[in-house]
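Numbering (my numbering), first residue to last: 1 to 207.
Here you go:
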């Protein structure tokens, strides 16, 4: 069905309304929007500038951290160096004390060895002198029974006769002592080699 035209029915169509967005309203809204946008941009710019001024400098913070780390590292390295030096000094002191103690022990051992050797020599000399005196007494008091036969006198003299001959050889030192012979000394009396020196003092057939 076709609608009637305006000429046929002039009262059918309602009168045209005025448009809402007029030029004046559009200009007003545009001005208000521009003002609001300007205010927003200014506020945002102010916030950014304040934030920028309040925010710390990254390079400065990094430099401060590096400086603190370097100082701490240098302090620790100095402590390690001091400990190493102290340990080295302690090792040197210990080695010096050990060497000193070793030297003292060696000196004491040498002195003790010398004293023992001197005492042994003095003892040997004293015994030899006593033997010589005893032989001299026997030679003066007892008649000599053997002359130049290689045997000793029967007077019981110790360690041989005054003629330089050796004493008779017995099976043991006990038998030699019972017969009146002995003692015999290493390096002095040939009879020493006939008997066993059990205590290693250089004397056999001690009475």
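For every residue, glycine included, the Cβ atom is placed at its ideal position computed from N, Cα and C.
What residue range is occupied by the uninterrupted alpha helix (DSSP H) comprising residue i?
i	result
residue 176	173 to 178
With DSSP collapsed to three states, give me the class of residue i.
i	result
residue 181	coil
residue 199	coil
residue 188	coil
residue 193	helix
residue 157	Its pLDDT being 42, under 50, residue 157 is placed unreliably in this model, and the value from its coordinates should be taken loosely. It is coil, neither helix nor strand.
Contact defined as beta carbons within less than 8 Å: I believe residue i pairs with residue j. What is the distance between those atoms, to the nearest angstrom?
i	j	result
residue 181	residue 167	5 Å
residue 205	residue 183	5 Å
residue 188	residue 128	7 Å
With hydrogens ignored, establish whether the beta-carbon of residue i is closer than 7 Å to any heavy atom of the ligand GDP.
i	result
residue 115	The ligand content of the structure shown is nil, which means the ligand GDP is not present either.
request  = Could you say if the segment 174 to 189 and the segment 87 to 97 meet the contact criterion of at least three C-beta pairs nearer than 8 Å?
outcome  = no
Ranges of the alpha helix (DSSP H) found wholly within the segment 103 to 132, counting only runs of at least 4 = none
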